[in-house]
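Right, one structure below, let's go through it.
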Amino acid sequence: MAASERPKARAKTQAKTVDADGRRGFAVPERLADLIARFRRLLSEWALLEVAPGRLLPWLPVAFGSGIALYFTADREPAWWAAAGLTLVTIAIAIVARRRLFGFPLALALATISCGFCVATLQSARVAHPVLQVSTWNAQLSGFVESREEREKSDRIVIRVHRFEAPRVNEKPERVRVSVRKNTAPDVGTYIALKAHLSPPLAPLRPGGYDFARDMYFQQIGASGYVLGRIKIEPPPVIETTWTQRATQQSAMFIDALRESLNRRIHAILPGDRGSLASALITGKRNSISEAVRDTFYVSSLAHVLAISGFHMAVVAGIMFFCVRAGLALVPSLAIARPIKKWAALAALFAAAFYLVLSGSSVSTQRSFIMIGIVLIGVMADRPAITFRTLAIAAVGVLTIAPQSVLHPSFQMSFAATLALIAGFQYGVPNWRGDADTSLGARAALWGWREIAGLLLASLVAGLATTPYAAYHFHRVAPYGVLANLLAMPVITTVVMPMGILGVLTMPFGFDALFWRLMGVGIDWMIGVAQWVTSLPGSVGQMAAFGTGPLLLVTLGLLLICLLRTPLRWSGAVLAIAAGLWALQTPRPAALISGDGQIAAMRGPDGRLTILHRGRDSFAVKDWLAADGDRRGPKDASLTDGVRCDAVGCTAKLADGRLAAYALSVEAFEEDCARAAVVLSPREAPGACQALLIDRPVWRAQGATALYWTGNRFEVQMAHPPGTDRPWSRERVPAQAASPASAPALRRPSAPDATPRVEDLEEGD
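Just so it is clear: in the sequence shown, position 602 is 616 by the numbering used here, and no numbers are missing.
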């Protein structure tokens, strides 16, 4: 072999080498070693670019929100002083490490996580209030009406309780929410007395389901129920109040009267669902929309239009900004010598604030106002309006005011969409925008192709970013969501919202009817688009429930794609794909029983849920079917296929052919425990049972329960795991303590007790 050919031969073969211990191995080929070295250098360069000054700021709200989420995963309520002390320590560490290249970012992240944890703990302590622990059928109460809302079949009011009497009840809720007959809700500020059936806030209907009790706790509502009999309006008692309390009450009464007058006026011009949708967009009163129309909006991915959010706030502020600036520009002396752009931004800020108050100041609307306010303040301060920093400040502001919103689907979906849109228009759109000076670019601008392409891209990007959260919370995906938004949003932006704003402005002068009718024309288009998209084949995309693990993984992937600038961001796409595959592999329960033991279901041989027994309320059945990705309604006759019932109970076959039983009487336990694999019951078993038993002591202690068959045993998941004690979900009596010694809580013939798998709480809307 020639000397010149020897390096090539060495590059093509692996030469044997001897290491320090005398062991022989194979050396890495020089070409491969060179590629590895180059890749390492490239990774180092990318990493240095990603941690450059200013690049880590958008990650601070991520750390802040992670700390809040960490608070909600605790089994017991943290002590506020411990959370505050930890925050001070981590802040001190960050200050000491501020000159460290790598230590400071890590210390700052730890301090931000601690701050989020502390804020959530302090918020929980601030809103602390009594929560009803047992139901009562005869609660006598009186108090002031704080809010009211119209619903399709009834109305609902929130009462600030002044006097409360109920047998065998130790807690006195500060606020209760009760349903009343349609059109009988008293005005806000009225002092009323009534008798009601009250229950504790609703616990999750299944393990990992939406926690209504947690949501109501942060709304400072301690019980819910319905009114029994008539509501009596009484003169308010003499209560010493401060001037701020009186001013707050008077302003609430004025705002509610204004919203109600607008609502009545809109319905007088636009009856039915047209008026309900118009009122939802203007006053935030969307509960009177019929269920059929509401479902079409959800299926077509237009449901975001019904909740006042960033889009509505941006339209209101944008119209006011344009009108004020255009009007001032007509005066040359002002346009040349004065900052009319800043004046227009200030006027738009006031308009957004008025819309916030008028629409009911919900959490999503508050979040939208903060975001719009930061943008408008940036305009007045000559700063860039829409940037990652703006979004970061808005996120921290919202989470500081309402830390519980990190679990809300509206928060997750709105910020995911905004983050994706900012990233898309900062990184992608400038690359394909044409030059208007060219003939092609001029024609595109003339015919509006850029705007159409921008709207299509925005709908696509926002839809992709929000799909994981819609699938997690609502168990639905919208295949035609981009099409529906592309057809409906231009009309909403150019017709519906502007006419609604003009209707509000001209209502005091009596010229508002024309604008409401024009708004109704746009709403007819919205409803038509929603119904047409819903009628398309495959429009209803069902998604079975999955855990928080895939959601967190896809969230991390979205953050990497949007916040990183180097090719490292495409690692987020890998995480998103992995999260999707993980979610599709989520096992489905073999059996379910509600938290009150009245509703039970099992998975039959056809792989679908079968209802063994249903109570009077079908709400839990509806939730279970949605979480299972099942399109059937709660009253579908096929839900009881294969179920055999008699006077003492019901039985049905599980997927593997074994028997599941629901015992209605004590006499049924002996036979069911001998032949069934699973026995569910609203009663307490009188003795030992060879089957897996979920009876009264069990579901009273652990709430709604799901059983998963692992191949050789049942795995038990609980909505209220042992040891859980939070202000909205107090620790319950253990099942072992509630059951006789001869009837242990979980019994199976030949397998050890299954270890419950504790899942993070999720939330739906």
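Cβ atoms here follow ideal geometry from the backbone N, Cα and C, with glycine treated the same way.
For residue i, the nearest candidate out of the options (CA to CA)
i	options	result
S213	G79, V145 and E166	V145
C129	F118, V159, L413 and Y224	L413
F383	V371, V110 and K667	V371
K196	R162, P218 and E729	R162
S143	G236, L421, L219 and G99	The question names Ser, but residue 143 is His in the sequence shown. The residue with the shortest Cα to Cα distance from H143 is G236.
H326	M503, T719, V110 and A467	M503
R628	P619, S608, L565 and A640	S608
I415	G611, T379, L577 and P221	T379
L474	G324, G438 and V65	G438
C687	L707, R114, L577 and R55	L707
V510	Q154, L136, I537 and I127	I537
V505	M533, R278, T135 and R308	M533
W94	R140, Y441 and R55	R140
L421	N726, A592 and T562	T562
For residue i, three-class secondary structure by DSSP
i	result
A111	coil
E745	coil
K209	strand
V509	helix
A237	strand
R710	helix
A93	coil
D270	helix
D739	strand
L146	coil
T204	coil
R244	strand
Y494	coil
S473	helix
M616	strand
I253	coil
G563	helix
I407	helix
S585	helix
Other residues of its chain near residue i: CB distance less than 8 Å, five sequence neighbours each side excluded
i	result
A125	T101, T104, I105, I107 and A108
I625	I613, A614, A615, V635, L653, T654 and V657
K246	I206, A207 and L208
A409	P75, F78, G79 and F429
A527	I283
A271	D201 and V202
G621	A669
A690	T665, R672, L673, A674, A675 and A705
D35	Note that D35 scores 48 on pLDDT, short of 50, meaning its location in the model is unreliable and no value can be drawn from it.
Straight-line gap, residue i to residue j (C-alpha atoms, nearest Å)
i	j	result
I171	F232	17 Å
S549	R339	43 Å
C132	P522	47 Å
G611	A641	19 Å
V252	H176	11 Å
V190	R174	7 Å
M385	G737	39 Å
C703	F226	34 Å
N499	A317	10 Å
L155	P249	14 Å
L678	L721	20 Å
R697	A604	21 Å
Spatial neighbours of residue i in its chain, beta-carbon cut-off 7 Å, leaving aside the 5 residues before and after
i	result
T480	M427, A430 and A431
M394	K356, A359 and L360
C576	L433, A434 and A437
A294	R300, I303 and L320
Contacts around residue i, its chain only, beta-carbon distance under 6 Å, and the 5 residues preceding and following it disregarded
i	result
Y369	V330
A361	M334 and V338
R20	Only weak support exists for where R20 lies, its pLDDT of 48 falling under 50; the value from the coordinates is given anyway. Contacts found: none.
A349	A343
L582	W60
L694	I607, A614, Y676 and I708
Whole-angstrom C-beta distance between residue j and residue i, which should lie under 8 Å
i	j	result
R714	R746	7 Å
Y483	P423	6 Å
L598	W638	Going by Cβ atoms, the distance from L598 to W638 rounds to 19 Å, so no, they are not a contact pair.
I96	A111	Per the sequence shown, residue 96 should be read as Ala rather than Ile. About 23 Å; that fails the 8 Å criterion.
A733	G223	7 Å
L363	G332	12 Å between Cβ atoms; not a contact.
S138	P700	About 42 Å separates the two Cβ atoms, so there is no contact after all.
S810	V547	In the structure as shown, the chain begins at 15 and stops at 779. Residue 810 is therefore absent and cannot be evaluated.
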